[in-house]
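Going down the list, the protein sequences come from chains F and A. Per this note's numbering: the first sequence = residues 57 to 316. Per this note's numbering: the second sequence = residues 50 to 647. Note that CB positions come from ideal geometry on N, CA and C, so glycine has one too.
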Amino acid sequence: MSNNDTQRTVTVRIQRFNPDVDKKPHMQDYQVKMWPGMTILDALHEIKTHQDGSVTYRRSCRHGICGSCAMHINGRNTLACKTPIINEVKKNNTVTIGPLPYLPVIKDMVVDRTSFWEQYLRVKPWLIPPDDIPEREFRMSQEEVDALHDAEACIMCGACYSSCAVIGLNKKYLGPHALLKAFLRVLDPRDTAPGERLEIVSQADGVARCHTIFNCIDACPKGLNPTQAIETLRKLAQKRQKYEEAKAERQKHLNEPIPS
Amino acid sequence: MQNSDVITHDVIVVGAGLAGTWAAMTAAENGVKDVAVLSKIHPLRSHSGAAQGGIAAVLNNVRPVAGTGPRGPLEQIPPGDDPVDSFDLHMFDTIKGSDWLGDQDAIEIMVKDAPDVVIQYEHMGCVFSRTKDGRINQRRFGGHSAPRANFSADRTGHVLLHTIHEQALFHNVHFYAEWYVMDLIIEENIVRGVVAINVLTGDIKMLRAKAVMFGTGGYGQAYKVTSNAYANTGDGVALAYNAGAPLMDMEFVQFHPTGLYRHGFLMTEACRGEGGYLINKLGERFMEKYAPDKMELAPRDLVSRSEQIEINEGRGVMEDGQGIFLDMRHLGREKILERLPEVRDLAIAFAHVDPIEEPVPIQPTAHYSMGGIPTTVDGEVLANANGDLITGFYAAGEVSCVSVHGANRLGTNSLLEASVFGRRAGRAIAEFIKGGAKLHPVPGDPAEKNRKMVQQLFDNDGSELVEDIVQDLKMTMTNKVGIFRDEEGLKSALDDIHKLQERFKNIRVMDKSKRFNTNLSMTLEASHLLTFSELIAAGALNRQESRGAHSRTDFPKRDDENWLKHTMAHKDEDGRPKFSYKDVTLYWDRFPPQERKY
Chain F
57 MSNNDTQRTV TVRIQRFNPD VDKKPHMQDY QVKMWPGMTI LDALHEIKTH QDGSVTYRRS
117 CRHGICGSCA MHINGRNTLA CKTPIINEVK KNNTVTIGPL PYLPVIKDMV VDRTSFWEQY
177 LRVKPWLIPP DDIPEREFRM SQEEVDALHD AEACIMCGAC YSSCAVIGLN KKYLGPHALL
237 KAFLRVLDPR DTAPGERLEI VSQADGVARC HTIFNCIDAC PKGLNPTQAI ETLRKLAQKR
297 QKYEEAKAER QKHLNEPIPS
Chain A
50 MQNSDVITHD VIVVGAGLAG TWAAMTAAEN GVKDVAVLSK IHPLRSHSGA AQGGIAAVLN
110 NVRPVAGTGP RGPLEQIPPG DDPVDSFDLH MFDTIKGSDW LGDQDAIEIM VKDAPDVVIQ
170 YEHMGCVFSR TKDGRINQRR FGGHSAPRAN FSADRTGHVL LHTIHEQALF HNVHFYAEWY
230 VMDLIIEENI VRGVVAINVL TGDIKMLRAK AVMFGTGGYG QAYKVTSNAY ANTGDGVALA
290 YNAGAPLMDM EFVQFHPTGL YRHGFLMTEA CRGEGGYLIN KLGERFMEKY APDKMELAPR
350 DLVSRSEQIE INEGRGVMED GQGIFLDMRH LGREKILERL PEVRDLAIAF AHVDPIEEPV
410 PIQPTAHYSM GGIPTTVDGE VLANANGDLI TGFYAAGEVS CVSVHGANRL GTNSLLEASV
470 FGRRAGRAIA EFIKGGAKLH PVPGDPAEKN RKMVQQLFDN DGSELVEDIV QDLKMTMTNK
530 VGIFRDEEGL KSALDDIHKL QERFKNIRVM DKSKRFNTNL SMTLEASHLL TFSELIAAGA
590 LNRQESRGAH SRTDFPKRDD ENWLKHTMAH KDEDGRPKFS YKDVTLYWDR FPPQERKY
């Protein structure tokens, strides 16, 4: 694309809402001159700092690891900091930005994540380790580490949660992020409470609610697959006792080298 | 002060990254029931999570394959074989990295606590990469003479942060997410509490505590190109300084050699730890000229200076010649996908370059604040160069200056420092509280004073936009207080900063609403940038030598006779900085100053 093209002025259409003064959300347009490499977050920063300081959003790291800036951009959930604006203004020279769906709006793109964090707490995200703690590290194979990848790489941005049709109907559902965290602990060879965890995810608002619509996979800015983790939990829950036994057996060897 | 609006806790921790969360969790674990953490962003958004490459500790899990040289492949150390790494070696590397400005007693404690803190992370569920026999895997890092960077792919900070946050929740630490601390109350050298704004509602409250701990992070946002998050505005150092605490060694700002070109955030040093090359416009591995032994794995200050010389002498890459290439192609697809997946993702997303196929354009980027609030090895804040303490005030992590990093920090020692000294502060706080610490009265009404200050900001309605002042400050700091410095530039920088401080009096805050007013918090942050930037420039002007990250072209040599000492900055009665100096703790028999060559 030509230099001219990357430096053109585009329209950023933002859903505005401050419940203290607005009866309902409305759209407001801002004009921004693009520069090469500009992201949606850069555009919002330009608007906030030079045009309208009341435009409000969360952000911090600028490179997709802190999880602050998940929002609804041109109809899909993603991180503003990782989205180049040039890819989003193909239609009518305009990009449309709003808050994550299904969550109460605090102000503009800032949403109330109370239910999101409540579900995270419900699965007891911390490790419940064995009583017998060795002097050195527990032994785990790289394969066991790799199996945890998607859960361990999750940044808790909420893009999946607020794309989930089930969440839209039922805030009691644990949701893909919390189930991914539960998956992390259930599969971690060091965790001693797989039975209790599988019990939690098997309750009425757990894995059974997932309709495998895959919205969470499409929404995840880290390319993770919560649906598969939920499927795994569902299967393990069905053979819970057997899995608990297998894990207890594995834990007898946590202090021993992985055989080559 | 009797006000129902006042919140009271035994312990208030400000900042929810590794240092703050370790302190809070450890205090709670050691029997303190009422621990609260305030963070201006949600705890899991803290910048500790952005650290990529690893956390240093002598674990002796891996060694270089015999006969393959310093850049050869690594293998696990078989049981019974001799270790390759030692506490003395980690200490020496850190001391040499610090250009002998690090306090060696603090360095010794950090190095000796390191294995235990890394193992504690592992026992708490942190997911580390593994060796074949299931131990924590280790890689090489700049300035370290053994592979001692314990890692989780290239998202080590992320997994550590999530792990410690989970543990703090388990121990019933109370988190105030999105509360922005705007004032620290110290009277008669005793901490009284903080004033904070609940960002959601806009309410400003006094929070009293027997102990206040700062783990608020660094100050890279004073620079134009930086790896730091938007949040890293040095709030903690500015608040402490304004409350009467000293700041130490503020002139030492680390520039990391591999910030992504134009964006500034990091391509982890692990790219070079795993074997990546730095290449100039002529295709040369130019580090041969500057550090023939360590090459790309020389310490960051040296590599950044080398890059800047290449750029200044016309051998940079990209259209403006301001870049350098980081070439990882020879590492191969498999290694890049396994060890550097996040980096690859970032390079593709932001530079449209796949490191498997093409070199990645990078440039030096303001990264780490060596200076900060001076503390003892237990996180207690010093009141002055004599070693007197401010009762009840603690600090750890990047906001603090113990000092373990001296004039230049080694990679992977920051996650370590935040964890070790956060934990030590937590223990010290628990002892302090259980030893009968009292809640001291708060004189006056600091919350009301801050409410009036905010109202004045809203009413000010001047003609200056905060962002214009911030951008001008960033240009000044980058051009005149950056990688290379000299007297003329530093004097001119101080002049610029004083003018910017004046201009700040004429600002206009655009958003005057109460609810979630980030325009207000950005304005307060800007005032912090203007406060501590003056100390960086003034400290740098005073220090007539080159040491670590502080490089004076007019004083190119280190001067131990006159400058082997810490800078201490105090705010005097009329608001200007006043400087004194503090001795460096050296073990003269074990680690006397040497010439620093790599």
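Just reading off the beta strand (DSSP E) that residue i is part of, what are its end residues?
i, result
"F/T134", "132-135"
"F/R72", "65-72"
"A/S418", "409-418"
"A/G313", "Neither: A/G313 is in no beta strand (DSSP E) and is coded neither H nor E."
"F/A126", "126-129"
"A/E429", "429-431"
Please name the residue or residues paired with residue i in a DSSP beta bridge.
i, result
"F/V56", "This structure gives no information on residue 56 of chain F, because the portion of chain F shown stretches from 57 to 316."
"A/C450", "A/P423"
"A/N499", "Beta-bridge pairing links A/N499 to no other residue."
"A/A85", "A/I61, A/H223"
"A/D232", "A/V244"
"F/I314", "The partner list for F/I314 (beta bridge, DSSP) is empty, contrary to what the question assumes."
"A/K614", "A/D632"
"A/Y326", "A/D376"
"A/M262", "A/V62, A/Y443"
"F/G154", "F/H128"
"A/E124", "A/R112"
What separation, rounded to the nearest whole angstrom, lies between the Cα atoms of residue i and residue j?
i, j, result
"A/M50", "F/S218", "Residue confidence is low: A/M50 scores 46 on pLDDT, short of 50, so the model does not pin down where it sits. Its coordinate-derived value is still stated next. For A/M50 and F/S218, the distance between alpha carbons rounds to 45 Å."
"F/L243", "F/K291", "12 Å"
"A/H305", "A/Y417", "8 Å"
"F/H309", "A/K82", "36 Å"
"A/G129", "A/S452", "36 Å"
"F/A302", "F/G251", "12 Å"
"F/G93", "A/L488", "52 Å"
"F/R118", "A/T527", "20 Å"
"A/K136", "A/R639", "First, the amino acid is wrong: residue 136 of chain A is Phe here, not Lys. Going from the Cα of A/F136 to the Cα of A/R639 covers about 13 Å."
"F/A304", "F/W182", "19 Å"
"A/F314", "A/G98", "13 Å"
"A/Q593", "A/P605", "9 Å"
"A/R189", "A/D131", "19 Å"
"F/K278", "F/G123", "10 Å"
"A/M74", "F/M196", "26 Å"
"A/R378", "A/V402", "12 Å"
"F/Y229", "F/R178", "11 Å"
"A/L210", "A/N199", "15 Å"
Could you check how far apart the C-beta atoms of residue i and residue j are, in whole angstroms? I think they sit under 8 Å.
i, j, result
"A/E447", "A/G151", "Their Cβ separation, rounded to whole angstroms, is 15 Å, which puts A/E447 and A/G151 out of contact at 8 Å."
"F/C216", "F/P282", "6 Å"
"A/T616", "A/D298", "5 Å"
"A/L539", "A/V530", "7 Å"
"F/L280", "F/A209", "6 Å"
"F/P245", "F/R306", "5 Å"
So which residues of chain B does residue i contact, with C-beta pairs closer than 8 Å?
i, result
"A/E215", "Absent here is chain B; the protein component of the structure consists of chains F and A."
Under DSSP, the alpha helix (DSSP H) around residue i begins and ends at which residues?
i, result
"A/S201", "From DSSP, A/S201 is part of no alpha helix (DSSP H); its letter is neither H nor E."
"A/M571", "567-591"
"A/A479", "462-483"
"F/Q87", "Run containing F/Q87: none in the alpha helix (DSSP H); it sits in the beta strand (DSSP E), 82-89."
"F/A232", "For the sequence presented, residue 232 of chain F should be read as Pro rather than Ala. Looking at the DSSP string, the run of the alpha helix (DSSP H) that includes F/P232 is 231-243."
"F/G224", "221-225"
"A/I144", "136-146"
"A/L67", "67-78"
"F/T95", "Element bounds for F/T95: n/a, residue is neither H nor E."
Indicate whether the contact test is met: 3 or more Cβ pairs, each with one atom in the region 272-291 of chain A and one in the region 249-256 of chain A, closer than 8 Å.
no
Would you check if the region 143-163 of chain A and the region 634-647 of chain A touch, i.e. whether three or more CB-CB distances between them fall below 8 Å?
Because the criterion of three Cβ pairs below 8 Å is met, the region 634-647 of chain A and the region 143-163 of chain A touch.
| said: Below 8 Å, how does it come out for the region 84-95 of chain A and the region 111-131 of chain A: are there three or more Cβ pairs, yes or no? | reply: Judged by Cβ distances under 8 Å, the region 84-95 of chain A makes no contact with the region 111-131 of chain A, as fewer than three pairs qualify.
| Between the region 223-235 of chain A and the region 117-137 of chain A, do at least 3 Cβ pairs fall closer than 8 Å? | Put simply, the region 223-235 of chain A does not touch the region 117-137 of chain A. Fewer than three CB pairs are less than 8 Å apart.
Between the region 450-465 of chain A and the region 198-209 of chain A, do at least 3 Cβ pairs fall closer than 8 Å?
The region 450-465 of chain A and the region 198-209 of chain A touch, with no fewer than 3 CB-CB distances between them shorter than 8 Å.
Evaluate contact between the region 431-449 of chain A and the region 462-481 of chain A, counting only Cβ atoms and requiring at least three cross-stretch pairs below 8 Å. yes
- Query: For the 8 Å Cβ check, are there 3 or more pairs between the region 134-149 of chain F and the region 98-113 of chain F?
  - Reply: yes
With a threshold of 8 Å, are at least 3 pairs of Cβ atoms found where one atom belongs to the region 287-295 of chain A and the other to the region 495-508 of chain A? Judged by Cβ distances under 8 Å, the region 287-295 of chain A makes no contact with the region 495-508 of chain A, as fewer than three pairs qualify.
Contact the region 373-389 of chain A vs the region 322-335 of chain A: 3+ CB pairs below 8 Å | yes
Notebook entry, point to check: Does the region 181-198 of chain F come within contact of the region 107-118 of chain F, defined as at least 3 CB pairs closer than 8 Å?
Noted result: no
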